[in-house]
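Structure record follows, encoded as structure tokens.
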Amino acid sequence: MIYTIHRLDNRFSYRDFFSHYIGFSSSMYNRQGPLHFNNAISWFTDTYGWSAEVRQYEKMMQWVASSNMINQQPFANRRATGIFAEPPNHCNKHWSWSNHYTDLRIYVASDQELGFFKLANDRAS
Numbered sequence: 101m102i103y104t105i106h107r108l109d110n111r112f113s114y115r116d117f118f119s120h121y122i123g124f125s126s127s128m129y130n131r132q133g134p135l136h137f138n139n140a141i142s143w144f145t146d147t148y149g150w151s152a153e154v155r156q157y158e159k160m161m162q163w164v165a166s167s168n169m170i171n172q173q174p175f176a177n178r179r180a181t182g183i184f185a186e187p188p189n190h191c192n193k194h195w196s197w198s199n200h201y202t203d204l205r206i207y208v209a210s211d212q213e214l215g216f217f218k219l220a221n222d223r224a225s
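Numbered per the numbering used here, the sequence shown spans residues 101 to 225.
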């Protein structure tokens, strides 16, 4: 499997949720990027469970953060708004993905998820 690894710093979006992204080529001709990308998504889903696409992930997590501010109000107000402080189940804390235009990326939360992915792919090679 051919991929690149990038550490997220202040130049990158989603750095508040993830530490790295794994990048894949968008070309199927030479490097088979889409095939490798979908194989990686399958591995992450099998290993950690489903996750939302990263742009939707960010929006849902922002909603959770804003609801936490509302949840500091008295209980009667929280119940009236119907807002809860827990992230949805499909906001998997371990990983997310993006296939925006030519960017085929899998975002991982920490070195642990990245290490497991690399180990699984080294063994498969």
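Glycine included, each C-beta is placed from N, C-alpha and C at the ideal position.
| Item | Value |
| --- | --- |
| Identify which residue in 153, 165, 102 and 122 has its Cα closest to the Cα of residue 208. | 122 |
| Taking DSSP as the reference, what is the three-state secondary structure of residue 104? | strand |
| Using only CA atoms, which one of 102, 107, 116 and 108 lies nearest to residue 193? | 116 |
| Taking Cβ positions, are residue 114 and residue 186 nearer each other than 8 Å? | no |
| For residue 204 versus residue 142, is the C-beta spacing smaller than 8 Å? | no |
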